[in-house]
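Structure, as structure tokens:
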């Protein structure tokens, strides 16, 4: 797999939507070529060049080159690989709906998280983040867990984990999480490839 996948992102450490894709690829056993672009005053010009070169139509990252295709938008990229690998998704139409529904909730959360980083959301920590985790926690509590669909991990679990981790790193995680998410986070971090990655990239 190593020779057929190239991962393009920014040097943001464990933050950002690109890390969702990165965690997924690690868990799935990919060893991509890792290409990082400086996140400084040169980024606007780099972004324009990446658009002109056809790597990303929006000028945003992450982007993944795989089997001659260029994949962008992190949630659709996860869905693509779930289909490509024949896993990481629901098995029934109803299960796929649940996974997609939580993915939509995550996308809404992320727009608020980014706005808060820019100083544009005053009530993020006190209202928006707690509401998000309470809603997502209800979905996770409907099954024994630890994952959204019980004992099988899906692409959205990577996004939900990343939201928890990112809020913790930015000091915006609620004081307490629903028990279903506490259980989920612990079990997710224990997945062999994820545990190895986290140990090396704290």
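In the working numbering, the protein residues as written are 347 to 548. All residues carry an ideal CB built from backbone N, CA and C; glycine is no exception.
Contact under 9 Å by Cβ, residue 424 with residue 507: As a first step, residue 424 must be located in the chain shown, where it is residue number 78. As a first step, residue 507 must be located in the chain shown, where it is residue number 161. In this structure, residue 507 does not lie closer than 9 Å to residue 424 by Cβ.
Residue 456 versus 478, 389 and 498, residue with shortest Cα-Cα distance: Residue mapping note: residue 456 aligns to position 110 of the chain shown, counting from 1. Answer by Cα proximity: 478.
Residue range of the unbroken alpha helix (DSSP H) whose run includes residue 409: The residue labelled residue 409 in the question sits at position 63 within the chain shown. Careful: residue 409 lies outside any alpha helix (DSSP H), inside the beta strand (DSSP E) at 409-412.
Distance cut-off 8 Å: residue 439 Cβ against heavy atoms of the ligand COA: Among the components of this structure there are no ligands whatsoever, and the ligand COA is therefore not found.
C-beta contact flag for residue 435 and residue 537 at 9 Å: Locating residue 435 in the chain shown gives position 89, where the first residue counts as 1. Locating residue 537 in the chain shown gives position 191, where the first residue counts as 1. For residue 435 and residue 537, no; Cβs fall outside 9 Å.
Residue 440 to residue 482 span [Cα, whole Å]: For the purposes of this step, residue 440 is taken as the residue at position 94 of the chain shown. For the purposes of this step, residue 482 is taken as the residue at position 136 of the chain shown. Approximately 17 Å between the Cα atoms of the pair.
Below 7 Å CB to CB, which residues in the same chain sit around residue 535 once its five sequence neighbours on both sides are set aside? Counting from one through the chain shown, the residue named residue 535 turns up at place 189. Excluding sequence neighbours, residue 535 sits near 541 and 544.
Contact belief for residue 494 with residue 448 at Cβ below 8 Å, rounded distance in angstroms: Within the chain shown, numbered from 1, the residue matching residue 494 stands at position 148. Within the chain shown, numbered from 1, the residue matching residue 448 stands at position 102. Right, their Cβ atoms sit about 6 Å apart.
Measure the C-alpha to C-alpha separation of residue 354 and residue 366 and round it to an integer number of angstroms. One-based indexing of the chain shown puts residue 354 at position 8. One-based indexing of the chain shown puts residue 366 at position 20. The alpha-carbon atoms of residue 354 and residue 366 are separated by roughly 13 Å.
Unbroken beta strand (DSSP E) runs of length 3 or more, entirely within the stretch 398-443: which are they? 409-412 and 415-418
Per DSSP, the bridge partner or partners of residue 547: For the purposes of this step, residue 547 is taken as residue 201 along the chain shown, with counting starting at 1. Per DSSP, none; premise fails for residue 547.
Leaving out five residues before and five after residue 470 in sequence, what residues of the same chain have Cβ atoms less than 8 Å from its Cβ? Along the chain shown, read from residue 1 onward, the residue named residue 470 stands at position 124. Closer than 8 Å at Cβ, skipping near neighbours: 458, 459, 461, 462 and 518.
Identified DSSP bridge partners for residue 496: Here residue 496 corresponds to residue number 150 of the chain shown, with the count starting at 1. BP columns for residue 496 point to 493.
Comparing C-alpha positions only, which one of 486, 394, 509 and 352 sits nearest to residue 454? As a first step, residue 454 is located in the chain shown; it is residue number 108 there, counting from the start. Nearest of 486, 394, 509 and 352 to residue 454, Cα basis: 509.
At what residues does the alpha helix (DSSP H) containing residue 503 begin and finish? Working through the chain shown from its first residue, we reach residue 503 at position 157. First-last of the alpha helix (DSSP H) with residue 503: 501-515.
Closest residue to residue 486 among 388, 361 and 445 (Cα-Cα distance): Taking the chain shown and counting its residues from 1, one reaches residue 486 at position 140. Ranking 388, 361 and 445 by Cα distance to residue 486 puts 445 first.
Option in 389, 504 and 526 with minimal Cα separation from residue 452: To locate residue 452, count along the chain shown from 1; it is residue 106. It is 504.
According to DSSP, residues forming a beta bridge with residue 351: Against the chain shown, residue 351 aligns to sequence position 5. The partner list for residue 351 (beta bridge, DSSP) reads 412.
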